[in-house]
Structure formats: C-alpha cells, structure tokens
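A.B. asks:
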Amino acid sequence: MAILSLFLCLIFVSAMTWKNGGVLESISSTAYIVGNKIIFTLILLFIGGLLLPTMLDVSSEDTKFLAFLTIVGLSAVAMTPNYRSEDGLQHNIGGIGCCVCSQLLVAFNQPFLLLMWLPCLAYLLFFRDKNYTFWTEITCMAIIYVYSIWPSFE
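Taking my numbering, the leading residue of the sequence shown gets 61, the next gets one more, and so forth.
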C-alpha cells in the first residue's frame with residue numbers, strides 16, 4: 061500500500077511541478093495549481109490512507125499513535141485547501157503536526173534515517189532556495205516513505 065501511496069505522491073507532485081513550470085512553493089500550493097481543490101483534497105487523503113497501514117505495521121507498539129497523528133496532520137492539510145484565504149491556521153497546524161509527528165516516529169524507530177536531512181539542509185544553506193518549505197516537506201515525505209517501505213525489502 062505504501063508503494064502505491066508513493067507512486068500517487070510522485071505522480072501528483074511531478075505533474076503539479078510541471079504545470080507550475082518549476083519548483084513549487086510547497087506541496088500545499090498544488091491546491092491552487094490543480095484547478096479543482098477537491099482533487100487536491102482527495103489525492104492527499106488517498107496518499108495518507110494508503111500509507112497509514114504500512115506505517116502502523118512497521119512502528120513499535122509505543123509509537124503507533126505517532127503514525128496515526130502524522131496522517132491526521134496530513135488529513136488536516138488535505139481538508140483545508142483554501143489556506144491562503146481561509147483555514148490558514150488549521151492548515152499550518154496540520155502540516156507542522158504531520159512533519160513533527162512523522163519525524164518523531166522515525167526518530168524513535170529508525171533514527172539513522174534522520175540523516176536524510178543532511179543533504180536538504182546543506183542544499184538550503186548553500187543555495188538559500190526561496191522554496192525551502194517545499195524541500196523540507198519533500199524531505200519529510202522521503203524519510204517517512206523510506207521508513208515505511210524499507211522493511212519490505214529485508
């Protein structure tokens with residue numbers, strides 16, 4: 061299921077990046093690029109729904125709640141696509157909650173995966189890219205996908 065979630069995420073973000081003509085401001089900005097905010101909501105809900113069972117399977121009993129809270133945060137982002145004009149606080153709380161809970165989940169179960177932050181941080185410090193939100197979101201997602209999918213190959 062996580063691999064299907066990953067493919068859906070890659071296809072959606074790639075298509076929106078292409079449609080945008082370059083790097084996105086954030087994954088959330090796809091809500092304004094896609095044209096129909098319902099599509100944004102449904103895709104993010106599917107991404108989270110497909111990812112959750114695998115996250116729960118690979119997490120220790122004591123940290124399964126963090127997997128659940130990660131997807132709750134992602135769902136809050138999905139349900140508030142008009143974050144620029146309304147629902148900004150809920151959207152931001154959901155996004156920050158998703159990122160923080162996902163990284164705590166990884167830290168408690170597979171802490172070495174947090175080393176994946178080093179290339180992102182080096183890139184952002186060296187190039188001072190204005191799209192830092194996008195790169196941090198992509199790094200969070202990459203870490204959680206590696207965390208979720210890696211055990212399948214062992």
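Here a beta-carbon is modelled for each residue, glycine too, at the ideal position from N, C-alpha and C.
Does A136 pass the burial test, meaning 16 or more other C-beta atoms within 10 Å, or should it be called exposed?
C.D. replies: Here residue 136 refers to the residue found at position 76 of the sequence shown. So A136 counts as buried.
A.B. asks: Report the CB separation of C158 from L134 in whole angstroms; it is logged as a contact under 8 Å.
C.D. replies: Counting from one through the sequence shown, the residue named residue 158 turns up at place 98. Counting from one through the sequence shown, the residue named residue 134 turns up at place 74. Right, the Cβ-Cβ distance comes to about 5 Å (below 8 Å), so this counts as a contact.
A.B. asks: Determine the burial state of F172: buried for a count of at least 16 other Cβ atoms within 10 Å of its Cβ, exposed for fewer.
C.D. replies: Numbered from its first residue, the sequence shown carries residue 172 at position 112. Result: exposed.
A.B. asks: What does the alpha-carbon distance come out to for the pair L174 and A167?
C.D. replies: The residue labelled residue 174 in the question sits at position 114 within the sequence shown. The residue labelled residue 167 in the question sits at position 107 within the sequence shown. So the alpha carbons of these two residues sit roughly 7 Å apart.
A.B. asks: Flag this pair as touching only if the stretch 72-92 and the stretch 178-195 have three or more C-beta atom pairs under 8 Å; answer yes or no.
C.D. replies: yes
A.B. asks: Assuming L111 and I131 are in contact, meaning their beta carbons sit under 8 Å apart, how far apart are those beta carbons, in whole angstroms?
C.D. replies: For the purposes of this step, residue 111 is taken as the residue at position 51 of the sequence shown. For the purposes of this step, residue 131 is taken as the residue at position 71 of the sequence shown. Contact flag correct, Cβ pair sits at about 7 Å.
A.B. asks: Can you tell me the Cα-Cα spacing of M176 and R144, whole angstroms?
C.D. replies: Reading the sequence shown from its first residue, position 116 is the one you call residue 176. Reading the sequence shown from its first residue, position 84 is the one you call residue 144. Annotation: M176 to R144 spans about 30 Å, alpha carbon to alpha carbon.
A.B. asks: Of all the options L165, A202 and T199, which has the alpha carbon lying nearest to the alpha carbon of S120?
C.D. replies: Residue mapping note: residue 120 aligns to position 60 of the sequence shown, counting from 1. S120 has its Cα closest to that of L165, out of L165, A202 and T199.
A.B. asks: My output table needs one value for T193: the three-state DSSP class, helix, strand or coil.
C.D. replies: If you number the sequence shown from 1, residue 193 lands on position 133. T193 falls in the helix class under three-state DSSP.
A.B. asks: Quick check: what's the CA-CA separation for L126 versus C161?
C.D. replies: Numbered from 1 along the sequence shown, position 66 holds the residue referred to as residue 126. Numbered from 1 along the sequence shown, position 101 holds the residue referred to as residue 161. Spanning the two alpha carbons is a distance of roughly 5 Å.
A.B. asks: If you draw a straight line from the alpha carbon of I139 to that of E197, how long is it in whole angstroms?
C.D. replies: Counting from one through the sequence shown, the residue named residue 139 turns up at place 79. Counting from one through the sequence shown, the residue named residue 197 turns up at place 137. According to the sequence provided, residue 139 is Met. The question's Ile does not apply to it. Rounded to whole angstroms, M139 to E197 spans 17 Å at the Cα level.
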